[in-house]
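Participant: My structure is below; once you've seen it, I'll send some questions.
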Amino acid sequence: MVRVMATGVFDILHLGHLHYLLQAKELGDELVVVVARDSTVKRMKHEPVTPEEMRRELVDALKPVDSAILGYEGDIYRTVEDVRPDIIALGWDQAFDPDEIEGECRKRGSEVKVVRLDRLEGDLDGTTKIINKVISLWSFTKSIERIEGEPSEE
Numbered sequence: 001m002v003r004v005m006a007t008g009v010f011d012i013l014h015l016g017h018l019h020y021l022l023q024a025k026e027l028g029d030e031l032v033v034v035v036a037r038d039s040t041v042k043r044m045k046h047e048p049v050t051p052e053e054m055r056r057e058l059v060d061a062l063k064p065v066d067s068a069i070l071g072y073e074g075d076i077y078r079t080v081e082d083v084r085p086d087i088i089a090l091g092w093d094q095a096f097d098p099d100e101i102e103g104e105c106r107k108r109g110s111e112v113k114v115v116r117l118d119r120l121e122g123d124l125d126g127t128t129k130i131i132n133k134v135i136s137l138w139s140f141t142k143s144i145e146r147i148e149g150e151p152s153e154e
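Following this note's numbering, the numbering of the sequence shown begins with 1 at its first residue and continues without gaps.
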């Protein structure tokens, strides 16, 4: 059995996430997804919109996912040691060096293959794009309200 590990924030689930997880699942028999801790997200990206346990539960419910766990804070390789994947699937935009990950895993006694997956091109294929669109739509609605003098439903 080939175990695949995928990682991410999964803050606002979108089609890019689903595409990533479907591609990762195709690489093996079992897909374990590591969801980043809130503290890691804050340090590396932004303030998370949804709490870590909620993000983990949502990811765990997705069809291609066999299990979803929360990652460790600090040493990312501790999670790799626990999961013991055969393959680590990286998203197209994840800022990790595949050779570096393979080398560190080898140093720790694990032969892991790291695969960079393809990007899904689309209008709303990222959390930031979705947030920006919501802000834009909200701003547009507020502008119309000011012009027409009528509050919209929120």
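Every residue gets a Cβ at the ideal spot worked out from N, C-alpha and C, and that includes glycine. Here the structure is a predicted model, which is why all the values come from computation and not from measurement.
If distances are taken between C-alpha atoms only, which option among D11, G103, R116 and L90 comes closest to K42?
Facilitator: For this step, residue 42 is matched to residue 42 along the sequence shown. Among D11, G103, R116 and L90, the Cα nearest to that of K42 belongs to D11.
Participant: Flag V115 as yes when its Cβ comes closer than 7 Å to any non-hydrogen atom of the ligand PLP, and as no otherwise.
Facilitator: As far as ligands go, the structure on display features none, and thus does not contain the ligand PLP.
Participant: What's the C-alpha gap between E53 and G103?
Facilitator: Counting from 1 along the sequence shown, the entry for residue 53 is found at position 53. Counting from 1 along the sequence shown, the entry for residue 103 is found at position 103. Between E53 and G103, the C-alpha separation is close to 31 Å.
Participant: Please identify the residue among M1, A36 and G28 whose C-alpha is closest to the C-alpha of G8.
Facilitator: Within the sequence shown, the letter at position 8 stands for residue 8. For the residues M1, A36 and G28, the minimum Cα distance to G8 belongs to A36.
Participant: How many Å lie between A68 and H14 at the Cα?
Facilitator: Indexing the sequence shown from 1 puts residue 68 at position 68. Indexing the sequence shown from 1 puts residue 14 at position 14. Computed Cα separation, rounded: 17 Å.
Participant: In angstroms with no decimal places, state the Cα-to-Cα distance between V32 and G71.
Facilitator: For the purposes of this step, residue 32 is taken as the residue at position 32 of the sequence shown. For the purposes of this step, residue 71 is taken as the residue at position 71 of the sequence shown. Roughly 11 Å between the two C-alpha positions.
Participant: Flag this pair as yes or no: are the beta carbons of Y77 and R106 separated by less than 8 Å?
Facilitator: As a first step, residue 77 is located in the sequence shown; it is residue number 77 there, counting from the start. As a first step, residue 106 is located in the sequence shown; it is residue number 106 there, counting from the start. No. Outside cutoff.
Participant: Apart from the five residues on each side of it in sequence, which residues of its chain come closer than 7 Å, Cβ to Cβ, to G28?
Facilitator: Start at 1 with the first residue of the sequence shown, and residue 28 comes out as number 28. Closer than 7 Å at the Cβ level, and outside the excluded window around G28, lie V2, R3, V4, D86 and I87.
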